[in-house]
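Residue numbers (my numbering): 102 to 712.
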């Protein structure tokens, strides 16, 4: 960047800073319609936690139905009402709706917006040395569109015909014909409208993140000095801009099929013996469009978690991240390969076997950069001075579940093997471990690590340990047995298996899974209590409680709009100078201190690490 451009940016930053100090903020401008990236990050975080609580509650309800089918539960009657749980017994329609909305909420509203929205907003300006996002107004608008999307999705739970119940993948014809099933009516329309809003906010946010990283880095912050968190969030935003418009086009065409008589996804449909006037469409076309977003979506979810875990792990290992350039390259490789593997979701759709072999090849290929990251995390831990705080535990748990879930991905990525277990509980076990649970672990690692910077207080460490250990036991207790019942052929999305005597021997396993699910869901209340209590009564944090190198820890404990009260610090080194020794190896470069913040100039005779 030229000196003129740097001067212009510095002037813009200073004007932004002055603007923040000379205008008194009201409650509404500070906490509701805020343009401060830190407050918007908290809004995403709180909204994501509330939506996550709803999603987890739904999962407990339908797990109880699977474990004890046709049993009467008072909680069903309380929450679902007489229509969906007459005499406390859940109906098939209620089960399908719970599964559909649970999947939608967790994938999009929690793991995408809750994770990426929170940490992209919070960390990008702080870690690259910027006063705020490129457009604070656009950032605010993005959050409120997300909030509207959440409200529309929740409102679909209360329409008379019921919420969407075609599965979170909303395959036609169930989603394209309002008369197909009760959940194909107004609830499905609201689902589509909600997702249209969601995609709009995602695109606005992603463009803001990309522009901020490219244009607003502080002096000395070259791309090779960026923390891996920023690389991950930056590439995630690029994937979102490339893939989300495809889902928007699919949703718009689906709305046209539902309401305007088109036939993009419908052909030769009979309902109750009547031939509907649809011809020439193909539901498989919708599958292609959905999964062209759907598989990059997996990495939109997991890449931010990978970035957060990399930062937390290096900071708490007290050593540089192993293979920085390889980690960056693997992020870029994952981003590219994620756009050419969507067909492995469609091996049973009747696709050409040759095309299946192509998707098998690209799917197995994406295992390479994923393995590079896993090996580099393990090597970072190796012989490190490990600080086993709560954030570090969640990071190690992330690596465990990512590897466990990734191994089964090799089976599902092979077209010949996938056909045998497709649409069974084996698939549920795989994607929940590798995407859902792993991303949640990355999310928790980020919350515990950056909570002091968000709220100026520390979370309770002992409650954090309880939260971690019960959750990891519960999560493996839920999803590990699912591999076996999936291999036995148990299909997913059946609200009861009592009609199939073949599966009677698996009933006890389903009960065990549900007990673990209830245990894992209940312990999240410990996290919620710890989060809320620590926000107001936690021990006050120091400026840099983890002794980390990145720029966010150079800002004041009490946050200011504009991040730094004075001049923005310049950067002189990469973000992983941990335990760096001086020239003769007798002490650290800064005597007695095993970390060197990025804004500390190189010492006499010190060489910058060639990473």
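Backbone N, C-alpha and C define an ideal beta-carbon position, used for all residues, glycine too. None of the values given here were measured: they were computed from a predicted structure.
> How many Å lie between residue 114 and residue 390 at the Cα?
Replying inline: A caution first: residue 114 carries a pLDDT of 47, below 50, which makes its placement in the model unreliable, though a value can still be read off. Each residue's Cα considered, the two are about 41 angstroms apart.
> Between the C-alpha atoms of residue 710 and residue 474, what's the straight-line distance to the nearest angstrom?
Replying inline: Cα-Cα distance, rounded: 20 angstroms.
> Among 420, 445 and 470, which residue has its Cα nearest to the Cα of residue 427?
Replying inline: Closest by alpha carbon: 470.
>> Can you tell me whether residue 705 is buried or exposed? The criterion is at least 16 other CB atoms within 10 Å of its CB, across all chains shown.
In response: Exposed is the call here.
>> Would residue 589 and residue 607 qualify as a contact pair, given that the criterion is a beta-carbon distance under 8 angstroms?
In response: Taking 8 angstroms as the Cβ cut-off, residue 589 and residue 607 qualify as a contacting pair.
> What are the start and end residues of each continuous alpha helix (DSSP H) run of 4 or more residues lying completely inside the stretch 433–520, in chain order?
Replying inline: Fully enclosed alpha helix (DSSP H) runs of no fewer than 4 residues occupy 454–466, 468–482 and 491–513 of the stretch 433–520, in order along the chain.
>> So that I know if they touch, is there some Cβ in chain C lying closer than 8 angstroms to that of residue 162?
In response: Reference to chain C is not applicable here, since this structure consists of a single protein chain.
> Just how far apart, CA to CA, sit residue 249 and residue 298?
Replying inline: If I take the Cα positions, the gap works out to 7 angstroms.
> Who pairs with residue 228 in a beta bridge, going by DSSP?
Replying inline: None; residue 228 has no bridge partner.
> By DSSP, does residue 717 sit in helix, in strand, or in coil?
Replying inline: Within the shown structure, residues of the chain are numbered from 102 to 712, placing residue 717 beyond reach of any answer.
> Are residue 436 and residue 340 touching if we call contact CB-CB under 8 angstroms?
Replying inline: A contact, by the Cβ cut-off of 8 angstroms.
> Roughly how many angstroms lie between the CA atoms of residue 519 and residue 593, to the nearest whole one?
Replying inline: Near 15 angstroms, if we compare the C-alpha coordinates of residue 593 and residue 519.
> To the nearest whole angstrom, what separates the beta carbons of residue 260 and residue 287, a pair I think is in contact under 8 angstroms?
Replying inline: With 8 angstroms as the limit, residue 260 and residue 287 qualify as a contact, their Cβ atoms being about 5 angstroms apart.
> According to the neighbour-count rule (16 or more other Cβ atoms, all chains shown, within 10 Å of its Cβ), is residue 562 buried or exposed?
Replying inline: With fewer than 16 other beta carbons inside 10 angstroms of its own, residue 562 counts as exposed.
> What are the residues that DSSP puts in a beta bridge with residue 402?
Replying inline: According to DSSP, residue 402 bridges with nothing at all.
> Taking C-alpha atoms, which residue in 150, 194 and 132 lies nearest to residue 596?
Replying inline: Residue 194 is the option with its Cα nearest to residue 596.
> Under three-state DSSP, which class holds residue 673?
Replying inline: Correct three-state label for residue 673: coil.
> Residues in its own chain within less than 6 angstroms of residue 123 by CB, not counting five upstream and five downstream?
Replying inline: For residue 123, the predicted model reports a pLDDT of 42, less than 50, meaning its position is unreliable; a value from the coordinates is still stated below. There are no such residues.
> If you count every other CB in all the chains shown that lies within 10 Å of the CB of residue 708, and 16 or more means buried, which is it?
Replying inline: Residue 708 comes out exposed.
>> Contact between the stretch 228–241 and the stretch 660–679 is defined here as three or more beta-carbon pairs at a separation below 8 angstroms; is this criterion met?
In response: In the pairwise beta carbon analysis, the stretch 228–241 is classified as touching the stretch 660–679: at least three pairs are separated by under 8 angstroms.
> In terms of DSSP beta bridges, what is residue 696 paired with?
Replying inline: Assignment of beta-bridge partners to residue 696 by DSSP yields 679.
> Within the chosen definition, does the stretch 608–627 reach the stretch 182–197 through at least 3 CB pairs nearer than 8 angstroms?
Replying inline: No, the stretch 608–627 does not touch the stretch 182–197.
>> If contacts are defined as beta-carbon pairs under 8 angstroms, then residue 583 and residue 526 qualify, I think. What distance do you get, rounded to the angstrom?
In response: Confirmed, Cβ separation roughly 4 angstroms.
> In chain order, what residues of the same chain have a beta carbon less than 7 angstroms from the beta carbon of residue 367, not counting five sequence neighbours either side?
Replying inline: Within the same chain, 273, 274, 277, 358, 379 and 382 come within 7 angstroms of residue 367 by CB-CB distance, once the 5 residues on both sides are set aside.
> Around the Cβ of residue 456, are there at least 16 other Cβ atoms within 10 angstroms (buried) or fewer (exposed)?
Replying inline: With fewer than 16 other Cβ atoms from the protein chains shown falling within 10 Å of its own Cβ, residue 456 counts as exposed.
> Should residue 698 be labelled buried (16 or more other beta-carbon atoms within 10 Å of its own) or exposed?
Replying inline: Residue 698 is buried by the Cβ-count criterion.
> Cβ of residue 417 within 8 angstroms of Cβ of residue 487?
Replying inline: Yes; because the gap between Cβ atoms is below 8 angstroms, this pair is in contact.
> What residues match up with residue 689 in a beta bridge as DSSP calls it?
Replying inline: Under DSSP, residue 689 forms a beta bridge with 682.
> In three-state DSSP terms, what is residue 558?
Replying inline: Of the three classes helix, strand and coil, the one that applies to residue 558 here is strand, per DSSP.
> Would you say residue 568 and residue 624 are within 8 angstroms of each other, going by their C-beta atoms?
Replying inline: For the pair residue 568 and residue 624, the CB atoms are nearer than the 8 angstroms cut-off.
> At which residues does the alpha helix (DSSP H) containing residue 341 begin and terminate?
Replying inline: That run of the alpha helix (DSSP H) goes 329–360.
>> Could you compute how far the alpha carbon of residue 507 sits from the alpha carbon of residue 461?
In response: Straight-line Cα distance between these residues: approximately 15 angstroms.
> Looking at the unbroken alpha helix (DSSP H) that takes in residue 627, where does it start and where does it end?
Replying inline: The continuous alpha helix (DSSP H) containing residue 627 extends over residues 608–638.
> Rounded C-beta distance between residue 241 and residue 134? I'm assuming under 8 angstroms.
Replying inline: Contact flag correct, Cβ pair sits at about 6 angstroms.
> Do residue 224 and residue 309 have their C-beta atoms closer together than 8 angstroms?
Replying inline: Contact flag unset, no.
>> Taking its Cβ as the centre, do 16 or more other Cβ atoms sit within 10 Å of residue 678, making it buried, or is it exposed?
In response: Classification for residue 678: buried.
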